[in-house]
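Residue numbers (this note's numbering), protein chains in the order written: chain L, 32 to 143; chain X, 73 to 187.
C-beta: ideal position from N, C-alpha, C; glycine also.
First up is the structure itself, then whatever we jot down about it.
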Amino acid sequence: EPEVTQTPSHQVTQMGQEVILRCVPISNHLYFYWYRQILGQKVEFLVSFYNNEISEKSEIFDDQFSVERPDGSNFTLKIRSTKLEDSAMYFCAGGTVAYEQYFGPGTRLTVT
Amino acid sequence: AQSVTQLGSHVSVSEGALVLLRCNYSSSVPPYLFWYVQYPNQGLQLLLKYTTGATLVKGINGFEAEFKKSETSFHLTKPSAHMSDAAEYFCAVSDRTDSSYKLIFGSGTRLLVRP
């Protein structure tokens, strides 16, 4: 059974550096999402993406964040200048219908 | 705005006992409701969902949940716990617009299964 995959599984970066987190959704997915989970806290919505554009974003998703799906398969989240508080587990999700979301295993981002 | 409350951050049951994980929601529109399970060091796996229709929904691994509008609840149950059910369980409600169905998650309940 196909699964959503994410790379890398763990990324360590220094404060102020740019990071790109990658997700490969299942091929027939049309709706894409990024969520994050800071250690010990709730899973939080970051952004949704449909038809090659952002459909909704949260307050967390400020100018430091961007998403794109450049080649029709990979779905990336870029953080331009990381802060300590960006340390979290980042989950990608996709679905063929907007309300049914299948999550990847996550990327643990550690900012030092 | 939509919100989810999960009562009990930890629930402990004996193997073979009934599992009951509680979830209450707040929604200004007819809710779409979900339960996800997270095993250690893994992502979130969809257990079951309610969108419309039958209020008792069955999911994977023998779990089921019942949507009760009058009680604004969507509790998760399993008749007989197995050791492999030990995980964290998240209830979520969908906050939907035309092209986005972002999920609002509860704080999660960690299920411990005693031998």
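Asked, Found
"Beta-carbon gap between F135(X) and K121(X) smaller than 8 angstroms", "no"
"Residue ranges of each alpha helix (DSSP H) within the region 38-93 of chain L, 4 or longer", "none"
"Alpha-carbon spacing of G178(X) relative to Q74(X), whole angstroms", "11 angstroms"
"Residues of its chain near F92(L), where Cβ-Cβ distance is below 6 angstroms and the 5 sequence neighbours each way are ignored", "L77, V78"
"Nearest residue (CA-CA) to S152(X), options V185(X), Q78(X), Y161(X)", "V185(X)"
"Cβ neighbour criterion (16 or more within 10 Å) applied to A126(X)", "exposed"
"Residues in the region 140-156 of chain X having any Cβ partner in chain L nearer than 9 angstroms", "none"
"Proximal residues of chain L, C-beta to C-beta of S121(X) below 9 angstroms", "Reading off the sequence shown, one finds Lys at residue 121(X), where the question assumed Ser. Under the 9 angstroms cutoff, chain L gives Y130, E131."
"Where Y197(X) meets chain L, residues with beta-carbon distance less than 8 angstroms", "In the structure as shown, chain X begins at 73 and stops at 187. Residue 197(X) is therefore absent and cannot be evaluated."
"DSSP three-state assignment for E87(X), whether helix, strand or coil", "coil"
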